[in-house]
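In what follows, a single structure is set out as C-alpha cells and then discussed.
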Amino acid sequence: MRKIALKSIRGKKRETRLLAGMLILIYAVNFMLVIFAGSFEKTLEENRYEKYGEWSGAAIGADINLKDTLETQKDVYSIGAMETGGNVRVEGRECGKVGTVDKTARELARMELENGKWPETETEAALPASIVKQLDGTVDIGDKVSLDYAEGSRKSGREVILTGIIKTWGTDWTVDRSLLPSVIQGKNSKTGAESDNSITYFFKTSDMNAGSLNNLSARIGQNSEAEFVFNEEAYPGNMSLAATLSEDGKQVMFLILVSTIIIGYLLTVFAKNERYCLLILRGLGAGRGQILLLTLWKCVYFLGFSVLAGAMIGSAGSIALLSIVKSVIGISVFYEIKWLNILQIGGACAIVFVIGYLGMAMQVCMMEIMSSYKEDSERYEKKVLDIKRAEYHTIKSMVKRNRRFYRDRIGFRAGISIIVIVISAVCTYLFIKSESDYRFWKEQKGYNYLFQTPDLTEGISDVDIDNIKDIPGIDTAEYEKFLNCSGKEQMITISWNGWKDSEYVRTYRRYAQVHNSTEPYDKEGDYFMLNEIRGVSPQEKERLSGYQDAIADGELDEDAFNKGEECILFLSPYQIRDVGADIIDKEPVYIDPEGSVEKRHIYTYEEDNPIQPGTYITISSPWGTKEIKVGGIIYAAPEYGEQVIAVGERFLDKLCEIEDENLYNSVRFPYSEDADFEEMDIAIADFFSTVHNGEGLVNERNIYEEIRGQLVSDIFRMVVIITAVWLLYLLIMYQGNAGHLNYERKRIGILQTLGISKSDLKKMYYYEYLYESVIITGAGALICSAWFVYRLRVATSFDSMKTFKHAVTSNMGDLSDFAFSVLTAVVICAGISLITIHVPVKRILRNSIITNIRRLQ
Numbered sequence: 001m002r003k004i005a006l007k008s009i010r011g012k013k014r015e016t017r018l019l020a021g022m023l024i025l026i027y028a029v030n031f032m033l034v035i036f037a038g039s040f041e042k043t044l045e046e047n048r049y050e051k052y053g054e055w056s057g058a059a060i061g062a063d064i065n066l067k068d069t070l071e072t073q074k075d076v077y078s079i080g081a082m083e084t085g086g087n088v089r090v091e092g093r094e095c096g097k098v099g100t101v102d103k104t105a106r107e108l109a110r111m112e113l114e115n116g117k118w119p120e121t122e123t124e125a126a127l128p129a130s131i132v133k134q135l136d137g138t139v140d141i142g143d144k145v146s147l148d149y150a151e152g153s154r155k156s157g158r159e160v161i162l163t164g165i166i167k168t169w170g171t172d173w174t175v176d177r178s179l180l181p182s183v184i185q186g187k188n189s190k191t192g193a194e195s196d197n198s199i200t201y202f203f204k205t206s207d208m209n210a211g212s213l214n215n216l217s218a219r220i221g222q223n224s225e226a227e228f229v230f231n232e233e234a235y236p237g238n239m240s241l242a243a244t245l246s247e248d249g250k251q252v253m254f255l256i257l258v259s260t261i262i263i264g265y266l267l268t269v270f271a272k273n274e275r276y277c278l279l280i281l282r283g284l285g286a287g288r289g290q291i292l293l294l295t296l297w298k299c300v301y302f303l304g305f306s307v308l309a310g311a312m313i314g315s316a317g318s319i320a321l322l323s324i325v326k327s328v329i330g331i332s333v334f335y336e337i338k339w340l341n342i343l344q345i346g347g348a349c350a351i352v353f354v355i356g357y358l359g360m361a362m363q364v365c366m367m368e369i370m371s372s373y374k375e376d377s378e379r380y381e382k383k384v385l386d387i388k389r390a391e392y393h394t395i396k397s398m399v400k401r402n403r404r405f406y407r408d409r410i411g412f413r414a415g416i417s418i419i420v421i422v423i424s425a426v427c428t429y430l431f432i433k434s435e436s437d438y439r440f441w442k443e444q445k446g447y448n449y450l451f452q453t454p455d456l457t458e459g460i461s462d463v464d465i466d467n468i469k470d471i472p473g474i475d476t477a478e479y480e481k482f483l484n485c486s487g488k489e490q491m492i493t494i495s496w497n498g499w500k501d502s503e504y505v506r507t508y509r510r511y512a513q514v515h516n517s518t519e520p521y522d523k524e525g526d527y528f529m530l531n532e533i534r535g536v537s538p539q540e541k542e543r544l545s546g547y548q549d550a551i552a553d554g555e556l557d558e559d560a561f562n563k564g565e566e567c568i569l570f571l572s573p574y575q576i577r578d579v580g581a582d583i584i585d586k587e588p589v590y591i592d593p594e595g596s597v598e599k600r601h602i603y604t605y606e607e608d609n610p611i612q613p614g615t616y617i618t619i620s621s622p623w624g625t626k627e628i629k630v631g632g633i634i635y636a637a638p639e640y641g642e643q644v645i646a647v648g649e650r651f652l653d654k655l656c657e658i659e660d661e662n663l664y665n666s667v668r669f670p671y672s673e674d675a676d677f678e679e680m681d682i683a684i685a686d687f688f689s690t691v692h693n694g695e696g697l698v699n700e701r702n703i704y705e706e707i708r709g710q711l712v713s714d715i716f717r718m719v720v721i722i723t724a725v726w727l728l729y730l731l732i733m734y735q736g737n738a739g740h741l742n743y744e745r746k747r748i749g750i751l752q753t754l755g756i757s758k759s760d761l762k763k764m765y766y767y768e769y770l771y772e773s774v775i776i777t778g779a780g781a782l783i784c785s786a787w788f789v790y791r792l793r794v795a796t797s798f799d800s801m802k803t804f805k806h807a808v809t810s811n812m813g814d815l816s817d818f819a820f821s822v823l824t825a826v827v828i829c830a831g832i833s834l835i836t837i838h839v840p841v842k843r844i845l846r847n848s849i850i851t852n853i854r855r856l857q
C-alpha cells in the first residue's frame, strides 16, 4: 500500500505540488515565527537583564538567618547575598559604599570585570573603572590602594590589593533605600561598622511577577523585618495586545488557529477530486481498510516532506530576519528555539491534516457502492444534477447557481478575505505611524540627563547640582520642585471650614478620590483632593504676570508668593468628563463656560459664604501639614495645567519641613553634542550612585535610542506581517480558484455547448467575485473603522459625539493615514482576487469545448 500511495502522489503532479507547497509554506512560516519570536524575546530579555539585573526579588535589610528561610521555599532559587557597609574613600577620593557580593549575587546582578579577578580574601578589593581612572598616577592590577572607612563618627582604614576593575553596573536599578556598594571586597572583609551593615538577598522565583513576591513576603514577613522588592523593570507586566499575543500559550494557540483555518481551506479545495479518486478505487474492489491505509500513507508522505522542507526554510528565514534586526538596530542578538512550541504547532497541524484527510476517506468508506463509479459519482453530485426545471442561462442565473451550490466555499473565501483586509489595513496603518514616528525621533538628539523623584525630600541640593555641572560637557541645569502621591496611602488635601456644604468642592473631591483609587471614599468633606502639586519658580515671570492679570478677587503679592506665604486658588468652572482612555474613568475637567459646546452640567463656585482673599487654608500631604494664606482667586480656566492651587517653590520646602537646604526633585542637565559621552555617562552614573543610589536618573539619549530601535523593530515587524499575509493570501486564492475552476471545466464545456459565449462566462465569474467583493469590502471596512475608533478613544478619551467630532477633526492626519491604509488593503486584496480568477478562467476558456467536457480532473 505504501508503494501505491507513492505512485498516486507522483501521478497527480499538479495537485501534489500545490498541496505540498502550501503545507511547506505553513510549516515554514510557523517555524520561522516561533524561532524569530523566541529569539527576539530572548534578546530583549537579555538586554533588560544587562541593564536592570536578572534577579526577580530582593529582601532589603534582612538578617543573616533569612537566607535559610528562603532556601526552604519551593518557589525561590538562586539566592545571592550582598552586604553593604559604610562610606569609603579610595586614596582620599569619595567612592560611595563598600561591600561584599557573593558569586550568585554577582551573576544575578550581571556584574562584570573589565580585567582582573574578583576578590577572595579580606585583603583584596575590586574598584569601579571610573574611580581607577580618577586616581593619581597609574594603578594596575596587583597594586596596593588605601581604603578609608567612615560610618558616622567611627573611622578606620587599611591597605588592600587591587584584584579587579569593575564595569559600571546597577545605575538603572530601583532597589528602594538600598545603596549598592561601589567598592567590592573579599569575604569576611571589615566593611566599616559591621553592626550597621545592610544585608540584601537577591533571588529568583518560579513566577516572575509582583503577586508571587507579595505572597512570599506574606508567608515569611512576620518573622523578618526585611523589605521585599520586585524587579519590575527586568520583568515588566506588559498587558498590551502585542505582549498578550506574544505569550507562549497564546502565541501557540493563535498560530494553530490560523494554520487550522488554512489547512481546512486547502482540504476543501482538494477534497472533491480526492474523494472521486477514492470512489473509483472502491468501485474497482478496494476494501475500506485498504482505503484508510492508503490515505494514511499519503498523509505520512505529505507531512514528512513538508515538515523537513518547512523546518529548513523556516530556520533559514528566521536567521535571515534576526541578522537584519541585528544590523539595523545594532544590538546583540540571542538565538533561541522553543522546541516545545514547535512540537505543539507542528503536531497540531499534522493532526488537523490527518483528521481532515481521513475524514474524506471515511466519508467514501461509508457510501454505498453502485453498479459503476459513474452512477456513484452521480449520487455524490445529486445536488448539481437534481434540476427541478430548466431555465434560461443568464449571467444573473449562473451567479445565483454558484451561490447556491458553493455557499460554504464562498463563505469560507469571504471570511479569509475579510481577515486579510483587516490585518493588512491595521498593519499598514501601524507601519505608516511607526515610520512617521521614527522620522520624528530620528531628529531628536536627547542630549539631556533627567533626574526625577516624586518625593522632594529625596531631591538633590544646589551643591550637588553645582558639582554635576563641573563634569566636563555639562554646563547648565533646569530644575523644579513638585510633590506626587502616586503609590502612597495619603493624598494631598486642601481644606477650609467654609467648604463643608459646597457641592463644587464635594463633587471635585469625590471624583478625584475615585480617579486616584483612594479608599475609603468620603461622602462628605470640606476639602479638595490632589495627586500632585507643583511649585512655581520665581524665574517664571510670564506665568506670574499671567496670574496677576487673571486674578478676579484679591491680588498677587509676588514676594510673599515666592517665599511660600501666599497661594493662588483656582475655583474655575468644570465638568465631569471621561478621560480614562481605554477604560471609563471620569474626573473633573476645567472648561471655559462661554466656549463650551457640551450640554452637560457645569459646576461653578457659587456659595453664600465664599472664601475671600486673606483667608488661611490648610494643605495636608504625606510629608506634612501647613497653613497658607490665599492671596488671589482665579475663576478662569487654568493656562498651565494647574489643579485647584498654585504655590511657590519655597512653600513645598516648608510643607516637607526642608529648611536647611534647597532641594530639587526634577532636574534636567543638558550637555553638549561634542562631549565625550562614554566618560560623561560613567562620571554622572558614579556621582548619583554615591549621593542617590542611582535611582531616578535617566539619560534621554539612551531612551531616544531605545525608542528608535523599538520603532525600527515595529516597522520591520509590520513589513514581515504584511508581506507574509499578502503572499499567503495570493497562494491560497490562486490554488483555491484554480482548483475550483479545474472541477468546473466540464460544466464550462456544457455551458459552451448550450451557446454561452466566452465573454459571458468570464462575466459570470467576474460578477460573482464583484458580488463577494462588495460584502468583503463593507465588512472589512466596518471592522477596521471599529478598531480605529477604539484607538482614537484611547488617544483622545472622547466621551460624547461632539468630543468625538472634535477628536476626528483634530486628528485628520491619522484619519487620512487610516483611510489610505484601508484603501490600500482593499485595492491589493481586490487585485489579488482578480488576478487569481482571471488567470485560471483565461486558461480554461483557451481550451476547446471537447477538451473541457472530456477532462474530468
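In the numbering used here, the protein residues as written are 1 to 857.
Built from N, CA and C at the ideal position, the CB exists for glycine as well.
Bear in mind the structure is a predicted one, so any value in this text is a computation, not a measurement.
Check whether the segment 696 to 709 and the segment 20 to 27 are in contact - that is, three or more C-beta pairs closer than 8 Å. No: fewer than three Cβ pairs fall under 8 Å.
What is the C-beta distance between Tyr-27 and Gly-310, in whole angstroms, given that I count them as a contact (C-beta under 8 Å)? The sequence position of residue 27 within the sequence shown is 27, counting from 1. The sequence position of residue 310 within the sequence shown is 310, counting from 1. With a beta-carbon spacing of about 3 Å, Tyr-27 and Gly-310 fall inside the 8 Å limit used to define contacts.
Kindly confirm or deny that the segment 627 to 641 and the segment 571 to 578 touch, where touching means at least three C-beta pairs closer than 8 Å. Yes, since at least three Cβ pairs between the segment 627 to 641 and the segment 571 to 578 fall closer than 8 Å, the two stretches touch.
Excluding the five sequence neighbours on either side, which residues of its own chain have a C-beta within less than 8 Å of the C-beta of Asp-470, listed in chain order? As a working mapping, residue 470 is identified with position 470 in the sequence shown. Closer than 8 Å at Cβ, skipping near neighbours: no residue.
In this structure, does DSSP put Lys-374 in helix, strand or coil? Your numbering for residue 374 matches position 374 in the sequence shown. Bear in mind that the predicted position of Lys-374 carries a pLDDT of just 45, short of 50, making it too unreliable to give a figure here.
Can you give me the start and stop residues for the alpha helix (DSSP H) that Phe-798 sits inside? Working through the sequence shown from its first residue, we reach residue 798 at position 798. Element bounds for Phe-798: n/a, residue is neither H nor E.
Tell me Ser-198's beta-bridge partners as DSSP assigns them. As a first step, residue 198 is located in the sequence shown; it is residue number 198 there, counting from the start. Partner(s): Thr-84.
For Glu-107, which of helix, strand or coil comes out of DSSP? Taking the first residue of the sequence shown as position 1, residue 107 is located at position 107. Glu-107 carries a helical assignment under DSSP once its states are collapsed to helix, strand and coil.
Tyr-429: first and last residue of the uninterrupted alpha helix (DSSP H) it sits in: If you number the sequence shown from 1, residue 429 lands on position 429. Going by DSSP, Tyr-429 is part of the alpha helix (DSSP H) stretching over 407 to 443.
Is it buried or exposed, Met-801, if we count other Cβ atoms within 10 angstroms and call 16 or more buried? Locating residue 801 in the sequence shown gives position 801, where the first residue counts as 1. Burial call: exposed.
Considering only their Cβ atoms, is the gap separating Ser-621 from Ile-492 smaller than 8 Å? Start at 1 with the first residue of the sequence shown, and residue 492 comes out as number 492. Start at 1 with the first residue of the sequence shown, and residue 621 comes out as number 621. Taking 8 Å as the Cβ cut-off, Ile-492 and Ser-621 qualify as a contacting pair.
I need the boundaries of the alpha helix (DSSP H) containing Pro-840, first residue and last residue. The residue given as residue 840 occupies position 840 in the sequence shown. That run of the alpha helix (DSSP H) goes 812 to 845.
Would you kindly work out how many angstroms separate the C-alpha atoms of Met-239 and Met-208, rounded to a whole number? In the sequence shown, counting from the first residue as 1, residue 239 sits at position 239. In the sequence shown, counting from the first residue as 1, residue 208 sits at position 208. Since pLDDT at Met-239 reaches only 41, below the 50 mark, its modelled position is unreliable, and no value is offered.
Can you give me the C-alpha to C-alpha distance between Ile-551 and Val-98, rounded to a whole angstrom? The residue given as residue 551 occupies position 551 in the sequence shown. The residue given as residue 98 occupies position 98 in the sequence shown. Using only the alpha carbons, I get a separation of about 55 Å.
Counting pairs of beta carbons, one from the segment 652 to 664 and one from the segment 538 to 552, are three or more of them closer than 8 Å? No, they do not touch.
Report all residues from its chain with a CB closer than 7 Å to the CB of Cys-427; omit the five preceding and five following residues, and keep chain order. Residue 427 sits at position 427 when you count from the first residue of the sequence shown. Met-718, Ile-721 and Ile-722.
Which class does Arg-93 belong to by DSSP, given the choice of helix, strand or coil? In the sequence shown, residue 93 corresponds to position 93, counting from 1. It is a strand residue.
Can you name the residues that DSSP bridges to Asp-578? Numbered from 1 along the sequence shown, position 578 holds the residue referred to as residue 578. In the DSSP secondary-structure assignment, Asp-578 is bridged to Lys-586.
Skipping 5 residues on each side, what residues in its chain have a beta carbon closer than 6 Å to that of Glu-627? Start at 1 with the first residue of the sequence shown, and residue 627 comes out as number 627. Same-chain partners within the cutoff: Tyr-616 and Thr-618.
If we ignore side chains and look at the alpha-carbon of each, how far apart do Val-712 and Glu-45 end up? Position 712 of the sequence shown holds residue 712. Position 45 of the sequence shown holds residue 45. Just so you know, the alpha carbons of Val-712 and Glu-45 end up roughly 18 Å apart.
Return the residue from the list Lys-842, Ala-795, Phe-716 and Val-774 that minimises the CA-CA distance to Lys-763. The residue labelled residue 763 in the question sits at position 763 within the sequence shown. Measuring from the Cα of Lys-763, the nearest candidate turns out to be Lys-842.
Once the 5 residues before and after Glu-114 are set aside, which same chain residues still bring their CB inside 6 Å of it? Taking the first residue of the sequence shown as position 1, residue 114 is located at position 114. Cβ contact annotation for Glu-114 (same chain, cutoff 6 Å, sequence separation greater than five): Ala-129, Ile-165 and Lys-167, in chain order.
Starting from Gly-356, trace the alpha helix (DSSP H) in both directions and tell me its first and last residue. Position 356 of the sequence shown holds residue 356. Residues 339 to 366.
Looking at the structure shown, is Thr-16 part of a helix, part of a strand, or coil, going by DSSP? Sequence index remark: in the sequence shown, residue 16 carries index 16 (1-based). In the three-state scheme derived from DSSP, where H, G and I count as helix and E and B as strand, Thr-16 is classed as helix.
Glu-94: which of Phe-688, Gly-780 and Gly-736 sits nearest, CA to CA? Counting from 1 along the sequence shown, the entry for residue 94 is found at position 94. Nearest of Phe-688, Gly-780 and Gly-736 to Glu-94, Cα basis: Phe-688.
Look at the alpha carbon of Ile-324 and the alpha carbon of Ser-332, and state the distance between them as a whole number of angstroms. Working through the sequence shown from its first residue, we reach residue 324 at position 324. Working through the sequence shown from its first residue, we reach residue 332 at position 332. Their Cα atoms are separated by approximately 12 Å.
Report the three-state DSSP secondary structure of Ala-683 (helix, strand or coil). In the sequence shown, the residue the question calls residue 683 occupies position 683. In the structure shown, Ala-683 sits in a helix (DSSP, three-state: H, G or I).
Within 10 angstroms of the Cβ of Met-812, are there 16 or more other Cβ atoms? Answer buried if so, exposed if not. Sequence index remark: in the sequence shown, residue 812 carries index 812 (1-based). The residue is exposed, with fewer than 16 neighbouring Cβ atoms inside 10 Å.
Candidates Arg-288, Met-312, Lys-586 and Val-29: closest to Thr-507 by CA position: Against the sequence shown, residue 507 aligns to sequence position 507. Looking at the Cα atoms, Lys-586 is the closest of the given residues.
On the DSSP bridge assignment, give the partners of Arg-506 in chain order. Working through the sequence shown from its first residue, we reach residue 506 at position 506. The partner list for Arg-506 (beta bridge, DSSP) is empty, contrary to what the question assumes.
The beta strand (DSSP E) with Gly-116 in it runs from where to where? Within the sequence shown, residue 116 is the residue found at index 116, counting from 1. Start and end: 113 to 116.
Element boundaries [beta strand (DSSP E), containing Lys-629]: For the purposes of this step, residue 629 is taken as the residue at position 629 of the sequence shown. In the DSSP assignment, Lys-629 falls within the beta strand (DSSP E) that extends over 624 to 634.
Whole runs of the beta strand (DSSP E) within the segment 473 to 499, excluding any shorter than 3 residues: Fully enclosed beta strand (DSSP E) runs of 3 or longer: 478 to 480, 482 to 484 and 492 to 495.
For the alpha helix (DSSP H) containing Gly-591, list its first residue and its last residue. In the sequence shown, the residue the question calls residue 591 occupies position 591. Looking at the sequence shown, residue 591 is not Gly but Ile. Counting along the chain, Ile-591 sits inside no alpha helix (DSSP H), nor does DSSP assign it H or E at all.
Spatial neighbours of Gly-356 within its chain, please: CB distance less than 6 Å, with the 5 preceding and 5 following residues excluded, ordered by chain position. As a first step, residue 356 is located in the sequence shown; it is residue number 356 there, counting from the start. Excluding sequence neighbours, Gly-356 sits near Leu-267.
Measure the C-alpha to C-alpha separation of Tyr-380 and Val-839 and round it to an integer number of angstroms. Taking the first residue of the sequence shown as position 1, residue 380 is located at position 380. Taking the first residue of the sequence shown as position 1, residue 839 is located at position 839. Since pLDDT at Tyr-380 reaches only 43, below the 50 mark, its modelled position is unreliable, and the value read off the structure follows with that caveat. A direct Cα-to-Cα measurement between Tyr-380 and Val-839 gives close to 29 Å.
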